[in-house]
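In our numbering, the protein residues as written are 1 to 333.
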């Protein structure tokens, strides 16, 4: 990842003033500080691309900012290696207050006849110790009439693509989003101070047995999740290892949003004999992969026998159907 866009001019654009001018001139906004050219795509000039910039209305008949609100099942990663920021976007969907901060006046920005659509959108990120507005147009990089980068699973919903574009503008270009620090993205969208917990070091640091340490960490995660803290997880890697897929389907150096932290009760009536002697409440977290595919296949994965220990009622509550335990909400570990 490169450096932040040092052009302070990107924070000085007046959304209301620009929109009024566009309405008066009956024109659609084109952002000259982040133009729809290769300059906004690549770190180096001179790269040729076959990318075509298109507005949502050129891709679908009925574009919307949100379709039935924002949910963590919406966000899907494109060809950029930017799971570090998309996982933070996924976390935003669990905190309505922060989502409204990052995407202010979303009702007034929605596509409808009352809002005088002119192709301009406003986002807000925490920079230089305060919330700064980022203004963008809605021209998005496409190829063969398909979005290249972040998109929603719902074809006519565009908040993920537009939020990613605003992030790319803040970081200078889209290529600058390829690889980054989870803590940076969390800070940008929350204004909070990120805390990085390395699991192996946490286990070494506490003067109690392993089970007590794990229980202590789980209670910390449970408390923070209840407070709507944004949380993401990743598996560290040594040396040059980069997004290698492990045998259980998890990916090294890949960011997953944490979408639930909870105990799952094991049910004696549904447990097989081999589990009967160790019935308990399991400490579980649910993860969501921005790729929206290539999921976990280990214990508690899709159709694994561990789910036989869980009551039908609780599986229904969790949105789990046997044979399809990887829901749009993610997967449990």
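No residue lacks a Cβ here, since even glycine has one placed at the ideal position from N, Cα and C.
Note that the coordinates shown come from a computational prediction; the quantities given were computed from them, not determined experimentally.
Checklist entry - Does the pairing of the stretch 190–203 with the stretch 160–179 give three or more beta-carbon distances under 8 Å? => result no
Item to check | Local conformation of residue 88 per DSSP, three classes | outcome: helix
Checklist entry - Is residue 83 near residue 255, with beta carbons less than 7 Å apart? => result yes
Item to check | Euclidean distance between Cα positions of residue 92 and residue 42 | outcome: 27 Å
Item to check | Start-to-end residues for the alpha helix (DSSP H) that takes in residue 167 | outcome: 159–170
Next on the checklist: Please list the terminal residues of the continuous beta strand (DSSP E) segment that includes residue 142.
Outcome noted: 140–143
Next on the checklist: So, at 6 Å on beta carbons, what are the nonlocal neighbours of residue 299 in its own chain, with the 5 sequence-adjacent residues on each side left out?
Outcome noted: 306
Next on the checklist: So, at 7 Å on beta carbons, what are the nonlocal neighbours of residue 188 in its own chain, with the 5 sequence-adjacent residues on each side left out?
Outcome noted: 125, 126
Next on the checklist: Short of 7 Å in beta carbon distance, which residues of its chain neighbour residue 57, apart from the five on each side in sequence? Order them along the chain.
Outcome noted: 63
Item to check | From 150, 215, 111, 79, residue whose alpha carbon lies closest to that of residue 66 | outcome: 111
Next on the checklist: Can you give me the C-alpha to C-alpha distance between residue 134 and residue 168, rounded to a whole angstrom?
Outcome noted: 10 Å
Checklist entry - What is the DSSP secondary structure of residue 282, counted as helix, strand or coil? => result strand
Item to check | Anticipated Cβ contact below 8 Å, residue 102 with residue 19, distance rounded | outcome: At roughly 19 Å, the Cβ-Cβ gap does not stay under 8 Å, so residue 102 and residue 19 are not in contact.
Checklist entry - Ordered along the chain, which non-local residues of its own chain (more than five positions away) have a Cβ less than 8 Å from that of residue 61? => result 156
Checklist entry - Using CA coordinates, which residue listed in 232, 37, 218 is at the minimum distance from residue 90? => result 232
Checklist entry - How long is the line joining the alpha carbons of residue 105 and residue 213, rounded to whole angstroms? => result 43 Å
Item to check | Three-state class that DSSP yields for residue 259 in the structure shown | outcome: strand
Checklist entry - Below 8 Å, can you find three or more Cβ-Cβ pairs linking the stretch 216–231 to the stretch 70–82? => result no
Checklist entry - Hey, how far is the Cα of residue 162 from the Cα of residue 266? => result 42 Å
Next on the checklist: Suppose you measure from the CA of residue 207 to the CA of residue 201; what does that come to, to the nearest Å?
Outcome noted: 12 Å
Item to check | residue 52 to residue 123 span [Cα, whole Å] | outcome: 23 Å
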